[in-house]
Amino acid sequence: EAGVAQSPRYKIIEKRQSVAFWCNPISGHATLYWYQQILGQSPKLLIQFQNNGVVDDSQLPKDRFSAERLKGVDSTLKIQPAKLEDSAVYLCASSQGLPGGTDTQYFGPGTRLTVL
Amino acid sequence: AQSVTQLGSHVSVSEGALVLLRCNYSSSVPPYLFWYVQYPNQGLQLLLKYTTGATLVKGINGFEAEFKKSETSFHLTKPSAHMSDAAEYFCAVSRGQGGKLIFGQGTELSVKP
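One line per chain: the protein sequences are D and F, in this order.
My numbering numbers the first residue of the first sequence as 190 and each following residue consecutively.
My numbering numbers the first residue of the second sequence as 848 and each following residue consecutively.
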């Protein structure tokens with residue numbers, strides 16, 4: 190079974206530029222998550238999709254971050270314009286979407302973003 | 848509100864020694880608890896999880912954890928450390944029907960030869 194795929198693995202941009210990250214979840218997984226992990230910290234949820242609908246985006250900085258999950262499969266996370274504090278690893282995870290919170294989330298390798 | 852506290856941001860053990868990584872949770876309802884491991888430049892990998900049933904949970908790579916409701920703890924142990932166990936370990940609690948994970952601060956495990 191293929192795991193969660195993310196691209197690119199690394200990205201370096203200058204502040205005020207835009208950037209996009211792509212995630213392909215495990216086949217058949219209904220739930221998709223985007224986390225931000227700043228160096229030395231734990232992952233923080235940015236947005237959660239159930240199929241192609243948003244379940245939780247309370248921690249997403251909506252003035253600069255956007256995300257979509259077309260057709261309930263792949264997802265794209267965009268930052269425009271980027272700030273220095275956006276430098277982090279962006280992790281995508283997916284799960285089957287089982288109710289009750291017992292689901293196991295499977296993580297991709299992440300995209301390391303450096304904003305100069 | 849649910850939260851997780853990991854005691855010790857860095858733990859160092861000798862190869863072959865016992866590994867003990869501490870995790871305490873606060874939750875108003877029975878929690879679902881997870882341990883993940885993160886190797887450098889990689890994503891998170893599930894070691895084990897507790898949902899219901901047996902309180903001693905066995906995971907991959909020889910790790911296990913015991914859910915103790917009276918102590919609100921879910922400590923991770925391994926009888927004998929290996930050099931390949933050096934990594935960052937995160938304890939997490941699942942919140943609500945949507946399954947959002949709340950992570951602890953992480954513990955970096957170093958293994959000395």
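Idealized CB from N, CA, C, for every residue including glycine.
Since the structure is predicted, the reported quantities are computational estimates derived from the model, not experimental observations.
In the DSSP assignment, find the beta strand (DSSP E) that holds residue i and state where it starts and stops.
i                      : result
residue 213 of chain D : 208 to 213
residue 301 of chain D : 300 to 304
residue 869 of chain F : 866 to 873
residue 243 of chain D : 242 to 245
residue 193 of chain D : Here residue 193 of chain D belongs to no beta strand (DSSP E), and DSSP marks it neither H nor E.
residue 850 of chain F : 850 to 854
residue 233 of chain D : 233 to 239
Taking 8 Å as the threshold (beta carbon to beta carbon), is residue i in contact with chain F?
i                      : result
residue 296 of chain D : yes
residue 261 of chain D : no
residue 303 of chain D : no
residue 291 of chain D : yes
What residues match up with residue i in a beta bridge as DSSP calls it?
i                      : result
residue 911 of chain F : F:905 and F:924
residue 267 of chain D : D:209 and D:255
residue 958 of chain F : F:860
residue 942 of chain F : F:947
residue 282 of chain D : D:222 and D:296
residue 199 of chain D : D:301
residue 897 of chain F : F:880
residue 935 of chain F : F:885 and F:955
residue 891 of chain F : F:885
Spell out whether any CB of chain D is found under 8 Å from the CB atom of residue i.
i                      : result
residue 941 of chain F : yes
residue 879 of chain F : yes
residue 914 of chain F : no
residue 948 of chain F : yes
residue 937 of chain F : yes
residue 906 of chain F : no
residue 951 of chain F : yes
Practice problem: Taking a Cβ distance cut-off of 9 Å, strictly less, list which residues of the region 887 to 904 of chain F are near chain D, in chain order. | Solution: Legend: CB atoms of the region 887 to 904 of chain F lying less than 9 Å from CB atoms of chain D belong to residues 888, 889, 890, 891, 892, 893, 896, 898 and 899.
Quiz item: Going along the chain, which residues of the region 196 to 219 of chain D sit with their C-beta nearer than 7 Å to a C-beta in chain F?
Solution: Of all residues in the region 196 to 219 of chain D, none is placed with a Cβ closer than 7 Å to any Cβ belonging to chain F.
Quiz item: Within the chosen definition, does the region 907 to 923 of chain F reach the region 271 to 278 of chain D through at least 3 CB pairs nearer than 8 Å?
Solution: Flag = no, the region 907 to 923 of chain F and the region 271 to 278 of chain D do not touch.
Practice problem: Please name the residues in the region 228 to 248 of chain D whose beta-carbon is closer than 7 Å to at least one beta-carbon of chain F, in chain order. | Solution: So the list reads 231, 232, 234, 237, 244 and 245, given in the order they occur along the chain.
Quiz item: Taking any Cβ of chain F, which residues in the region 271 to 288 of chain D have a Cβ under 9 Å from it, in chain order?
Solution: Contact residues of the region 271 to 288 of chain D toward chain F are 278, 280, 281, 282, 284, 286, 287 and 288 (C-beta to C-beta distance below 9 Å).
Quiz item: Are the region 227 to 236 of chain D and the region 938 to 956 of chain F in contact at 8 Å, needing three or more beta carbon pairs?
Solution: Below 8 Å, enough C-beta pairs join the region 227 to 236 of chain D and the region 938 to 956 of chain F to call them touching: three or more.
Quiz item: How about the region 275 to 291 of chain D and the region 205 to 218 of chain D: do they share at least three Cβ pairs that are nearer than 8 Å?
Solution: Yes, the region 275 to 291 of chain D touches the region 205 to 218 of chain D.
Quiz item: Is it a yes or a no for the region 857 to 867 of chain F touching the region 875 to 895 of chain F, going by three-plus beta-carbon pairs under 8 Å?
Solution: Counting Cβ pairs under 8 Å, fewer than three are found: no touch.
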